[in-house]
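Chemist: Sharing a structure, written as structure tokens. Questions coming.
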Amino acid sequence: MSFSPSILAKKLSSLQETQDSIVTISQWVLFHQRHSKEAASTWAKYITEDPDARSSKKKLSLLYLCNDVVQQARHKRKQEFIDEFAAVLPGVLKKIYASLDPPIQPKVDRLIAVWEQRHVFSASVISDLREGVKNASSAAAPNAPTSASTPTGPTINSVPDLRLLTETYLHLNKLVDISSETLSRVGMLSKTYLSPTSSESLPAPREYISKLNQLEQLCNSSTTSIEELKKVRLDAIKQLDSLRANINDSLQGDEEKLKIIQKKLASLKETRSELYDMIEGENDIQPSGLVSEAEAEPEALPLDDDDEVPTYQNDNDSDEENPPKRQKTSNSFHDSKSPSEKKVAFSDNIEIKEFRSEDESRGISIIPSVEDTDDDNIYDTEEVTSISSEFTKHHKDDLELKYEHESTDDDGYNPSSGVESDYETNVNPSVLNLLSKLA
Numbered sequence: 185m186s187f188s189p190s191i192l193a194k195k196l197s198s199l200q201e202t203q204d205s206i207v208t209i210s211q212w213v214l215f216h217q218r219h220s221k222e223a224a225s226t227w228a229k230y231i232t233e234d235p236d237a238r239s240s241k242k243k244l245s246l247l248y249l250c251n252d253v254v255q256q257a258r259h260k261r262k263q264e265f266i267d268e269f270a271a272v273l274p275g276v277l278k279k280i281y282a283s284l285d286p287p288i289q290p291k292v293d294r295l296i297a298v299w300e301q302r303h304v305f306s307a308s309v310i311s312d313l314r315e316g317v318k319n320a321s322s323a324a325a326p327n328a329p330t331s332a333s334t335p336t337g338p339t340i341n342s343v344p345d346l347r348l349l350t351e352t353y354l355h356l357n358k359l360v361d362i363s364s365e366t367l368s369r370v371g372m373l374s375k376t377y378l379s380p381t382s383s384e385s386l387p388a389p390r391e392y393i394s395k396l397n398q399l400e401q402l403c404n405s406s407t408t409s410i411e412e413l414k415k416v417r418l419d420a421i422k423q424l425d426s427l428r429a430n431i432n433d434s435l436q437g438d439e440e441k442l443k444i445i446q447k448k449l450a451s452l453k454e455t456r457s458e459l460y461d462m463i464e465g466e467n468d469i470q471p472s473g474l475v476s477e478a479e480a481e482p483e484a485l486p487l488d489d490d491d492e493v494p495t496y497q498n499d500n501d502s503d504e505e506n507p508p509k510r511q512k513t514s515n516s517f518h519d520s521k522s523p524s525e526k527k528v529a530f531s532d533n534i535e536i537k538e539f540r541s542e543d544e545s546r547g548i549s550i551i552p553s554v555e556d557t558d559d560d561n562i563y564d565t566e567e568v569t570s571i572s573s574e575f576t577k578h579h580k581d582d583l584e585l586k587y588e589h590e591s592t593d594d595d596g597y598n599p600s601s602g603v604e605s606d607y608e609t610n611v612n613p614s615v616l617n618l619l620s621k622l623a
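Residue numbers (our numbering): 185 to 623.
The structure is reproduced here in structure tokens:
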């Protein structure tokens, strides 16, 4: 089949993500060695401009096709393919790298690393490829959303415990990709040169030996990559075990913290309950300094007979007479025509008794209250009576003295004493005799 850009474009459009599809188209391109430049330019135009190549997966498949072509060309010493693709690859990566999905971009980076390790391209070409990727990334950064540049939560790389594990995981993915490519080539060559059904299409013995040697190198490379991959996986398991142990320790610490917090909450609730009880108790008990209105008002106590205001009964029942005034405790006394004995309470501490007789003036006795008496102020009853009698004899008001004087002038009888005066005893005996005769 002859070569044409349209035929290659159709083949590129039918390219699948499988290894067989990539190898088939790669062998067809390598077969047309004279059209290496057209093949590279058609591939570059298709991956950057064709609508069918808009998806990131399609672009990745086209890059894998380029990888297979240049690596096969290196083994077959078809340098023209390497030179033509080296001329278009930096520009292609610069155009498409920013539009690739984030999971696809690391795979493109690994392709560049593989080309550098296997010396597929020169160092200057590798540098151009990395520069193109870097420029594409920096050009896409200002157009990125603000939320992407300022994440709201911590990423995996920001966690110290996961940083080493993240690096190991990224290295593991690179090894997986390299091993997958090597294994796919081993599978292709094995199917071509080791399958009995393809004996009719086998090359000449010398070329056949060369293919077998190439297959051996791929098998050895695949073995090395698998061994390294196995080692990295074991390291990842160890890191995961260490991380798991750290997480378990942290989990136990969290459990202890929860227990402490629960204890504090229980103590808090108990203390708060006690405080509520204290507040309710204070509301039930009235403060001692405050007295209710009902308690502040004194109860109306019944008046005793001794506490009543004293009144004086006179022989004259006239209502117009002014009521007697309270007497103060003094040495002056006033007459009263009441024949009865009265108790007059002038204060809480003094009680006065009044006496009235027909022929004698009233005597007033002062009796101290029991509450105010002490051992030094207690008087004997007889002593008080004698003092009162002497007081009555020697203290008379002016009216009584005048009356006694007039009575003495008339018949010499002293009504206050109830005995005859000295005048009667000294009367003339002649007068007495005269009176006896007249009788």
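Backbone N, C-alpha and C define an ideal beta-carbon position, used for all residues, glycine too.
What does the alpha-carbon distance come out to for the pair TYR230 and LYS243?
Modeler: Distance between the alpha carbons of TYR230 and LYS243: 10 angstroms.
Chemist: By DSSP, does ALA388 sit in helix, in strand, or in coil?
Modeler: The answer is coil: DSSP assigns ALA388 none of H, G, I, E or B.
Chemist: Could you check if ARG390 is buried or exposed, using at least 16 other CB atoms within 10 Å of its CB as the buried criterion?
Modeler: Exposed, because fewer than 16 other Cβ atoms sit within 10 Å of the Cβ of ARG390.
Chemist: Which value, in whole angstroms, describes the spacing of the CA atoms of GLN211 and LEU427?
Modeler: So the two alpha carbons sit approximately 47 angstroms from each other.
Chemist: What does the Cβ neighbour count give for ASP252, buried or exposed, with the cut at 16 atoms within 10 Å?
Modeler: So ASP252 ends up on the buried side.
Chemist: On a CA-only basis, which of SER240, THR208, LEU273 and GLN256 is nearest THR226? Give me that one, please.
Modeler: When each option's Cα is compared against that of THR226, the closest is LEU273.
Chemist: Is the separation between the beta-carbon of LEU313 and that of ILE288 shorter than 7 angstroms?
Modeler: No, the Cβ-Cβ distance between LEU313 and ILE288 is not below 7 angstroms.
Chemist: Which runs of the beta strand (DSSP E) fall wholly inside the segment 397–471 and span at least 3 residues, in chain order?
Modeler: The segment 397–471 contains no whole beta strand (DSSP E) run of 3 or more residues.
Chemist: Would you mind stating whether ALA257 and PHE305 have Cβ atoms separated by less than 7 angstroms?
Modeler: No.
Chemist: Return the residue from the list THR407, LEU378 and ALA388 that minimises the CA-CA distance to SER363.
Modeler: Of THR407, LEU378 and ALA388, the residue nearest in Cα terms is THR407.
Chemist: Using the C-alpha atoms, what's the distance from GLN301 back to VAL416?
Modeler: The alpha-carbon atoms of VAL416 and GLN301 are separated by roughly 19 angstroms.
Chemist: Pick out whichever of SER374, ILE206, SER405 and GLN446 has its Cα sitting closest to the Cα of TYR392.
Modeler: It is SER374.
Chemist: Just to confirm before moving on: does the CB-CB distance between ASP293 and SER240 stay below 7 angstroms?
Modeler: Their beta carbons are not under 7 angstroms apart, which means ASP293 does not touch SER240 by this criterion.
Chemist: Note down the Cα distance separating HIS259 from ASP438, rounded to an integer number of angstroms.
Modeler: Straight-line Cα distance between these residues: approximately 60 angstroms.
Chemist: Can you tell me which of VAL213, ILE206 and VAL276 puts its alpha carbon nearest to the alpha carbon of SER245?
Modeler: Considering only alpha carbons, the answer is ILE206.
Chemist: What do you reckon, are the CB atoms on LYS291 and ASN319 nearer than 7 angstroms?
Modeler: Contact: no.
Chemist: By the three-class DSSP mapping on this structure, what secondary structure does SER186 have?
Modeler: In the structure shown, SER186 sits in coil (DSSP, three-state: anything other than H, G, I, E or B).
Chemist: Could you check what DSSP says for ASP499 in three-state terms: helix, strand or coil?
Modeler: Note that ASP499 scores a pLDDT of 46, beneath 50, so its modelled location is shaky; the value from the coordinates is reported in the next line. DSSP places ASP499 in coil when its eight states are reduced to three.
Chemist: Can you grab the Cα-Cα spacing for the pair ALA237 / VAL276, in whole Å?
Modeler: Answer to the nearest angstrom: the Cα atoms are 13 angstroms apart.
Chemist: Suppose the cutoff is 6 angstroms on Cβ atoms and the five residues either side in sequence are ignored; what does the same chain contact list for SER186 look like?
Modeler: Nothing meets the Cβ criterion.
Chemist: Please report the distance separating the alpha-carbon of GLU466 from that of SER457.
Modeler: In a straight line, the C-alpha of GLU466 is about 14 angstroms away from that of SER457.
Chemist: When the Cα of ALA193 is compared with those of ASP204, GLU201, ALA224 and ARG218, which residue comes out closest?
Modeler: The shortest C-alpha separation from ALA193 is found at ALA224.
Chemist: Going by Cα to Cα distance, which pick from VAL254, GLU315 and TYR281 is closest to HIS303?
Modeler: For the residues VAL254, GLU315 and TYR281, the minimum Cα distance to HIS303 belongs to VAL254.
Chemist: For the alpha helix (DSSP H) holding ILE624, just list the boundary residues, first then last.
Modeler: Here the chain comprises residues numbered 185 to 623, so residue 624 is not present and cannot be evaluated.
Chemist: Taking VAL370 as the reference, which of ASN432, ASP204 and LEU199 has the closest Cα?
Modeler: When only C-alpha atoms are compared, the closest one is ASP204.
Chemist: With DSSP run on the structure shown, which of helix, strand or coil describes LEU196?
Modeler: Looking at LEU196 - three-state DSSP - the assignment turns out to be helix.
Chemist: Less than 6 angstroms between C-beta atoms, sequence neighbours within five positions excluded: which residues of the same chain meet that for SER220?
Modeler: Around SER220: GLU264, PHE265 and GLU268.
Chemist: Is GLU233 near PRO189, with beta carbons less than 7 angstroms apart?
Modeler: No; because the gap between Cβ atoms is not below 7 angstroms, this pair is not in contact.
Chemist: At what residues does the alpha helix (DSSP H) containing ARG225 begin and finish?
Modeler: Checking the sequence shown, residue 225 turns out to be Ser, not Arg. Segment 220–233, the alpha helix (DSSP H) holding SER225.
Chemist: If you drop the 5 nearest sequence neighbours on each side, which residues of the same chain put their C-beta closer than 6 angstroms to that of VAL317?
Modeler: Excluding residues within five positions, the ones whose Cβ falls inside 6 angstroms are LEU277 and TYR281.
Chemist: Among GLN446, HIS216, SER394 and ALA307, which residue has its Cα nearest to the Cα of LYS262?
Modeler: Here the closest residue by C-alpha is HIS216.
Chemist: Could you give the distance in angstroms between the alpha-carbon of THR350 and the alpha-carbon of ASP461?
Modeler: Distance between the alpha carbons of THR350 and ASP461 is about 58 angstroms.
Chemist: With C-beta atoms as the reference, is SER311 less than 7 angstroms away from THR366?
Modeler: Contact flag unset, no.
Chemist: Of all the options ASP419, GLU315 and THR376, which has the alpha carbon lying nearest to the alpha carbon of TYR353?
Modeler: With distances taken between Cα atoms, TYR353 lies closest to ASP419.
Chemist: Roughly how many angstroms lie between the CA atoms of LEU247 and ASP433, to the nearest whole one?
Modeler: For LEU247 and ASP433, the distance between alpha carbons rounds to 46 angstroms.
Chemist: Since I believe LEU413 is in contact with VAL360 (beta carbons under 8 angstroms), could you give me their beta-carbon distance rounded to a whole number of angstroms?
Modeler: Right, the Cβ-Cβ distance comes to about 7 angstroms (below 8 angstroms), so this counts as a contact.
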